[in-house]
Amino acid sequence: MKRNIAALLAALLILPGCWDMREAQDTNFVTALGVDYIQDHYVVYAQIIDFPSIAKRESSDSAPQSGSDAIWVGRGEGKSVIAALNHIYDSSQQQTVWTHVKAVILSESVMKSKMDEVFSSILRSREMRYTPWVYGTREPITNLMSSLPLLNLSAQSTVMFEPTSIYRQSSDVEPVHLQRVMNAVREPASIVLLPSITSKNRIWSNQGKQPPLSRTDGIFVLGKNTLHGFVPEHSIQGTRFVKYYRVFRYPMTLNLENGGSALLLIRNPRTSVDITLSGEELQLSIHVTSRANLIEKNTDESISFQTIVEAGNKKIEDEIRAAFQMSQKQNMDLFGLEEELYRKKNAVWKRLRDSGEPVLPKFTLKEVQVTLKINHANTYTFQQK
Numbered sequence: 320m321k322r323n324i325a326a327l328l329a330a331l332l333i334l335p336g337c338w339d340m341r342e343a344q345d346t347n348f349v350t351a352l353g354v355d356y357i358q359d360h361y362v363v364y365a366q367i368i369d370f371p372s373i374a375k376r377e378s379s380d381s382a383p384q385s386g387s388d389a390i391w392v393g394r395g396e397g398k399s400v401i402a403a404l405n406h407i408y409d410s411s412q413q414q415t416v417w418t419h420v421k422a423v424i425l426s427e428s429v430m431k432s433k434m435d436e437v438f439s440s441i442l443r444s445r446e447m448r449y450t451p452w453v454y455g456t457r458e459p460i461t462n463l464m465s466s467l468p469l470l471n472l473s474a475q476s477t478v479m480f481e482p483t484s485i486y487r488q489s490s491d492v493e494p495v496h497l498q499r500v501m502n503a504v505r506e507p508a509s510i511v512l513l514p515s516i517t518s519k520n521r522i523w524s525n526q527g528k529q530p531p532l533s534r535t536d537g538i539f540v541l542g543k544n545t546l547h548g549f550v551p552e553h554s555i556q557g558t559r560f561v562k563y564y565r566v567f568r569y570p571m572t573l574n575l576e577n578g579g580s581a582l583l584l585i586r587n588p589r590t591s592v593d594i595t596l597s598g599e600e601l602q603l604s605i606h607v608t609s610r611a612n613l614i615e616k617n618t619d620e621s622i623s624f625q626t627i628v629e630a631g632n633k634k635i636e637d638e639i640r641a642a643f644q645m646s647q648k649q650n651m652d653l654f655g656l657e658e659e660l661y662r663k664k665n666a667v668w669k670r671l672r673d674s675g676e677p678v679l680p681k682f683t684l685k686e687v688q689v690t691l692k693i694n695h696a697n698t699y700t701f702q703q704k
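Under this note's numbering, residues 320 to 704 are what the sequence shown spells out, in order.
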């Protein structure tokens, strides 16, 4: 009997305990982090969400909580990022953890010269991961963190936290993870097209009012720990064919020669970039192949199927050439050409770098070849030739 009791007591000694377990409601889970740099000091914003408001309420007699009531935004200041984060803790009331951060927002002042310091600081903690979505902005960060979802849904049902579902439906501005941003900040020739996010809403209204809703409105071109410039959404059409990792669906309107129009849905374009050295010039050849669906045709039946295909080919080529010209004019490497040179012709890249000459002006666009295949034309008929 004594032996059994001793064995039981010994087993109790090795049982795992949960003495230090904390309930979820007793912890502040930061879901979004914003960083600004103002007058030689850092300003850090932390968004926390009332998690019980995310779950659907099963009780019919409980009043629904509005989205704005579920969002809290903390603000901390300091000479360093860590000091600003510690400032937030002073009045947090409960333990604050960073394991649930899904979005990071950077101001223009941070993107210009402070990215390396910011990321080195926030990633020094084991709580932060390389998976949050990263955005740049030109407006106050508090506006973005206070923006609401549609239909009183979860406060995390916004484009800031869930950009992929919208991007799969309409590939306008490609979302970017923190890992890709770090490559652009630290690699010698990489750039990243960072989505610009805003809370300005001119589309949706509720009871005659237009609430702030987050959306993307362009891209910031980042590389070598600095900001190269901003491109509004309407000017990045050609860039997506060359630099985007993947384009799922992209609507493209064609203006036809007979005065009519057509709407194509571009799907999964594939692009190759070839660089040849001719004297001191770096000649660029871009080849694009893509599938498309004909969504709408506003023209008479005399238009041929091949005419629409040729118009689509020309539209894509024109957009790529226009993006290249803007890239050269504004000295922004929208196509990531220096990285292409760095990886494919490293000796040439090293020679140009050692000479101190800028690389981008050395490129000339020799040719753009586009092969568009329309797989589906819906119910539209065409003149047979």
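Ideal placement from N, C-alpha and C gives every residue a C-beta, glycine not left out.
Small disclaimer: the values here were computed from a predicted structure and weren't measured.
query: In the structure shown, what three-state DSSP assignment does Y361 receive?
result: The sequence position of residue 361 within the sequence shown is 42, counting from 1. Of the three classes helix, strand and coil, the one that applies to Y361 here is strand, per DSSP.
message: For I460 and E576, I'd like the C-alpha separation in whole angstroms.
response: Against the sequence shown, residue 460 aligns to sequence position 141. Against the sequence shown, residue 576 aligns to sequence position 257. One C-alpha to the other measures close to 46 angstroms.
- request: Enumerate in chain order the residues of its own chain whose CB-to-CB distance from V687 is below 7 angstroms, with the five nearest sequence positions on each side excluded.
  value: One-based indexing of the sequence shown puts residue 687 at position 368. Cβ neighbours of V687 beyond the five flanking positions: I605, E636, I639, R640.
message: Can you tell me whether K634 is helix, strand or coil according to DSSP?
response: Walking along the sequence shown from the start, residue 634 turns up at place 315. If DSSP states are grouped into helix, strand and coil, K634 belongs with the helices.
field: Contact under 9 angstroms by Cβ, N612 with R586
entry: The count along the sequence shown starts at 1 and reaches residue 612 at position 293. The count along the sequence shown starts at 1 and reaches residue 586 at position 267. Their beta carbons are under 9 angstroms apart, which means N612 touches R586 by this criterion.
- request: Below 8 angstroms on the Cβ atoms is my guess for I510 versus G542; work out the distance and round it to an integer in Å.
  value: Within the sequence shown, numbered from 1, the residue matching residue 510 stands at position 191. Within the sequence shown, numbered from 1, the residue matching residue 542 stands at position 223. Right, their Cβ atoms sit about 4 angstroms apart.
message: Suppose you measure from the CA of T690 to the CA of V540; what does that come to, to the nearest Å?
response: Here residue 690 refers to the residue found at position 371 when the sequence shown is read from its first residue. Here residue 540 refers to the residue found at position 221 when the sequence shown is read from its first residue. If you take the alpha carbons of T690 and V540, they lie about 28 angstroms apart.
- prompt: Any idea if G393 is buried or exposed, counting beta-carbon neighbours within 10 angstroms, 16 or more meaning buried?
  reply: Reading the sequence shown from its first residue, position 74 is the one you call residue 393. Buried: at least 16 other Cβ atoms inside 10 Å.
message: Just list the residues that DSSP pairs I729 with in beta bridges.
response: The chain is shown from 320 up to 704; residue 729 falls before or after that span and cannot be answered.
query: Less than 9 angstroms separating the beta-carbons of G527 and I424?
result: Counting from 1 along the sequence shown, the entry for residue 527 is found at position 208. Counting from 1 along the sequence shown, the entry for residue 424 is found at position 105. No; because the gap between Cβ atoms is not below 9 angstroms, this pair is not in contact.
- prompt: Should I522 go down as buried or exposed, given a rule of 16 or more other Cβ atoms within 10 Å for buried?
  reply: The sequence position of residue 522 within the sequence shown is 203, counting from 1. With fewer than 16 other Cβ atoms within 10 Å, it is exposed.
query: How many angstroms separate the CA atom of L497 from the CA atom of L546?
result: Locating residue 497 in the sequence shown gives position 178, counting from the first residue. Locating residue 546 in the sequence shown gives position 227, counting from the first residue. Straight-line Cα distance between these residues: approximately 16 angstroms.
query: With 16 other CB atoms within 10 Å as the buried threshold, where does Q412 fall?
result: Position 93 of the sequence shown, counting from 1, holds the residue named residue 412. Q412 should be labelled exposed.
query: Taking the C-alpha atoms as reference points, what is the distance between P468 and P530?
result: Taking the sequence shown and counting its residues from 1, the one referred to as residue 468 is at position 149. Taking the sequence shown and counting its residues from 1, the one referred to as residue 530 is at position 211. About 9 angstroms.
query: Who does Y454 pair with in a DSSP beta bridge?
result: The residue you call residue 454 lines up with position 135 of the sequence shown. Answer is I424.
query: With 16 other CB atoms within 10 Å as the buried threshold, where does K709 fall?
result: Since the first residue of the chain shown is 320 and the last is 704, residue 709 is not available in this structure.
message: Tell me the DSSP secondary structure of G578 in three-state form.
response: What you label residue 578 is simply residue 259 of the sequence shown in a count that begins at 1. Reduced to three states, the DSSP call for G578 is coil.
query: Considering only the beta carbon of each residue, do Q647 and L679 sit closer than 9 angstroms?
result: Your numbering for residue 647 matches position 328 in the sequence shown. Your numbering for residue 679 matches position 360 in the sequence shown. Yes, Cβ-Cβ distance for Q647 and L679 is below 9 angstroms.
message: Given this structure, state the Cα-to-Cα distance separating K398 from I594, to the nearest angstrom.
response: As a first step, residue 398 is located in the sequence shown; it is residue number 79 there, counting from the start. As a first step, residue 594 is located in the sequence shown; it is residue number 275 there, counting from the start. Distance between the alpha carbons of K398 and I594: 45 angstroms.
message: Quick check: what's the CA-CA separation for R610 versus F567?
response: Translated into the one-based positions of the sequence shown, residue 610 becomes position 291. Translated into the one-based positions of the sequence shown, residue 567 becomes position 248. Those two C-alpha atoms are separated by around 11 angstroms.
message: Between the alpha carbons of E629 and V667, how many angstroms are there, rounded?
response: Taking the sequence shown and counting its residues from 1, one reaches residue 629 at position 310. Taking the sequence shown and counting its residues from 1, one reaches residue 667 at position 348. The alpha-carbon atoms of E629 and V667 are separated by roughly 37 angstroms.
query: Got a sec? Which residues, its chain only, sit under 6 angstroms from R448 by beta carbon, not counting five neighbours each side?
result: The residue labelled residue 448 in the question sits at position 129 within the sequence shown. Answer for R448: no residue qualifies.
field: Local conformation of V500 per DSSP, three classes
entry: By one-based count along the sequence shown, residue 500 stands at place 181. Correct three-state label for V500: helix.
- request: Please work out which residues of its chain come closer than 6 angstroms, Cβ to Cβ, to N323, disregarding the five sequence neighbours upstream and downstream, and give them in chain order.
  value: The residue given as residue 323 occupies position 4 in the sequence shown. Here the set comprises nothing.
query: Should L472 be labelled buried (16 or more other beta-carbon atoms within 10 Å of its own) or exposed?
result: Here residue 472 refers to the residue found at position 153 when the sequence shown is read from its first residue. It is exposed - the Cβ of L472 has fewer than 16 other Cβ atoms within 10 Å.
query: Would G598 be called buried (16 or more neighbouring beta carbons within 10 Å of its own) or exposed?
result: Against the sequence shown, residue 598 aligns to sequence position 279. That one is exposed.
message: On a Cα-Cα basis, can you pick out the residue from Y356, L582, F560 that is closest to K431?
response: As a working mapping, residue 431 is identified with position 112 in the sequence shown. Closest option to K431, Cα to Cα, is Y356.
- prompt: Leaving out five residues before and five after D380 in sequence, what residues of the same chain have Cβ atoms less than 8 angstroms from its Cβ?
  reply: Along the sequence shown, one-based indexing puts residue 380 at 61. Residue confidence is low: D380 scores 48 on pLDDT, short of 50, so the model does not pin down where it sits. No coordinate-derived value is stated.
message: Just list the residues that DSSP pairs Y356 with in beta bridges.
response: Within the sequence shown, numbered from 1, the residue matching residue 356 stands at position 37. Y356 is bridged to Y361.
query: Around the Cβ of Y559, are there at least 16 other Cβ atoms within 10 angstroms (buried) or fewer (exposed)?
result: Sequence index remark: in the sequence shown, residue 559 carries index 240 (1-based). As written in the sequence, residue 559 is Arg, which differs from the Tyr given in the question. That one is buried.
query: Beta-carbon separation of F654 and E600 under 9 angstroms?
result: For this step, residue 654 is matched to residue 335 along the sequence shown. For this step, residue 600 is matched to residue 281 along the sequence shown. The answer is no: Cβ separation not under 9 angstroms.
task: Kindly indicate the opening and closing residues of the alpha helix (DSSP H) around L404.
output: What you label residue 404 is simply residue 85 of the sequence shown in a count that begins at 1. Looking at the DSSP string, the run of the alpha helix (DSSP H) that includes L404 is 400 to 408.
- prompt: Between Y364 and M434, is the Cβ-Cβ spacing less than 9 angstroms?
  reply: Taking the first residue of the sequence shown as 1, we reach residue 364 at position 45. Taking the first residue of the sequence shown as 1, we reach residue 434 at position 115. No, they are not a contact pair.
field: Neighbourhood of E481 by C-beta distance below 8 angstroms, restricted to the same chain and skipping five residues each side
entry: Locating residue 481 in the sequence shown gives position 162, counting from the first residue. Contacts found: Q475.
field: Rounded straight-line distance, which links the Cα of L684 to that of L603
entry: Counting from one through the sequence shown, the residue named residue 603 turns up at place 284. Counting from one through the sequence shown, the residue named residue 684 turns up at place 365. Computed Cα separation, rounded: 5 angstroms.
field: 3-residue-minimum beta strand (DSSP E) runs that sit fully inside the region 505 to 546, ordered along the chain
entry: 510 to 517, 534 to 542
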